[in-house]
Amino acid sequence: MKIASWNVNSLRVRLPQVLAWLEIQRPDVLALQETKVPDAEFPAGAFTSAGYHALCNGQKTYNGVALLSRSALSDCVTDPPNLVDSQRRIVAATVGDIRVINLYVPNGSEVGSEKYQYKLDWLEKISDFLASERDLCPQLVVLGDFNIAPEDRDVYDPEGWREQILCSTLERQAFQRLLDLKLSDAFREFEQPEGSYTWWDYRAAAFRRNRGLRIDHILVSDAMKREVQDCRVDIEPRKQERPSDHAPIYANFCRWS
DNA sequence: ATGGTCGGTAACCGA
């Protein structure tokens, strides 16, 4: 079973690339972020034709998440009780016996800004939600765009990014608190190439120079950690014309969908 | 080379 995550930076623009990627990689589940499309305009038909069920939680212009799955999705949550927010950043659902939670964590803009505080508050609240979800279902996968590079090795220039947004100590501590919920970073369960990243700025030919950060993650509960077989970044879509600034990541689990 | 590029939307904001 393959579970993937991809910040597409506008599903309208990236739909052909997403459909192509579904055909090539055949993930059982794909979590999308930054769809930037209201639910009424979500291209559900295209995904149905491709063999996927879809759940969307979108809005105009900003944010927006969705879950695609080859098998049915149930028990959808978009608004945890303690996270009242007009920004559409969460969609959770059950696939078989696995609880999948797709997150688009706020970017935070700049350390010390109002948006930065919103990000930290949001992470605090999501932590409570994840704890309650974990207690309901031991087979838990939490994935998405976390907008946090957990360690220096996840950053192409750690000194240049020291205490900058995506890398600050408070953000890294917030990420660690998620791991403290007995969740593991699936990517770090395996040997990985140095310079593995999931996001590269559009500017300054950052991708060509591999000036990236690893800010998209797949976190797994202990029950799922026992079954994870590999976790990779697929940089092929980032090489294409008009790419998202993020690459997809995926993990394979030793079970059928 | 201390800037640079996207997407959404309609002058700039967010990333």
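If you're matching positions, the first sequence starts at 54 in the working numbering and goes up one per residue. A virtual CB, placed ideally from N, CA and C, is assigned to each residue, including glycine.
DSSP-derived helix/strand/coil call for residue i
i, result
"glutamine 86", "strand"
"serine 180", "helix"
"tyrosine 209", "coil"
"leucine 234", "coil"
"arginine 152", "strand"
"tyrosine 115", "coil"
"glycine 248", "coil"
"leucine 272", "strand"
"leucine 219", "coil"
"valine 164", "coil"
"leucine 136", "coil"
"alanine 259", "coil"
"threonine 101", "helix"
"valine 71", "helix"
"aspartate 298", "coil"
"serine 127", "strand"
Rounded straight-line distance, which links the Cα of residue j to that of residue i
i, j, result
"alanine 146", "lysine 178", "19 angstroms"
"serine 221", "isoleucine 268", "13 angstroms"
"arginine 279", "glutamate 186", "19 angstroms"
"aspartate 287", "serine 249", "10 angstroms"
"arginine 123", "phenylalanine 260", "31 angstroms"
"valine 118", "leucine 156", "7 angstroms"
"proline 296", "leucine 183", "31 angstroms"
"arginine 141", "leucine 173", "17 angstroms"
"threonine 131", "isoleucine 154", "10 angstroms"
"tyrosine 171", "glycine 161", "7 angstroms"
"leucine 85", "glycine 197", "7 angstroms"
"arginine 241", "glutamate 247", "12 angstroms"
Residues that DSSP places opposite residue i in a beta bridge
i, result
"aspartate 304", "One point to set straight first is that residue 304 is alanine, not aspartate, in the sequence displayed. Alanine 304 is bridged to Ile56 and Cys284."
"tryptophan 253", "Gly265"
"serine 122", "Val82 and His106"
"tyrosine 157", "Asp198"
"alanine 146", "Val153"
Whole-number beta carbon distance between residue j and residue i, since they are thought to touch under 8 angstroms
i, j, result
"proline 301", "alanine 107", "About 17 angstroms; that fails the 8 angstroms criterion."
"methionine 54", "arginine 308", "5 angstroms"
"leucine 83", "tryptophan 59", "7 angstroms"
"valine 158", "isoleucine 218", "Incorrect: roughly 12 angstroms between the Cβ atoms, too far for contact."
"alanine 24", "alanine 304", "Here the chain covers residues 54 to 310 and nothing more, so residue 24 does not appear."
"proline 133", "isoleucine 143", "7 angstroms"
"leucine 236", "leucine 272", "4 angstroms"
Outcome for residue i when other beta-carbon atoms lying within 10 angstroms are tallied against a minimum of 16
i, result
"tyrosine 255", "exposed"
"glutamine 229", "exposed"
"glutamine 70", "buried"
"phenylalanine 95", "buried"
"alanine 227", "buried"
"arginine 291", "buried"
"valine 293", "In the sequence under discussion, the amino acid at residue 293 is glutamine, which differs from the valine named in the question. Exposed, by the Cβ-count rule."
"isoleucine 77", "exposed"
Any non-hydrogen atom of the ligand NAP within 6 angstroms of residue i CB
i, result
"phenylalanine 228", "Looking at this structure, you won't find the ligand NAP or any other ligand, since it has none at all."
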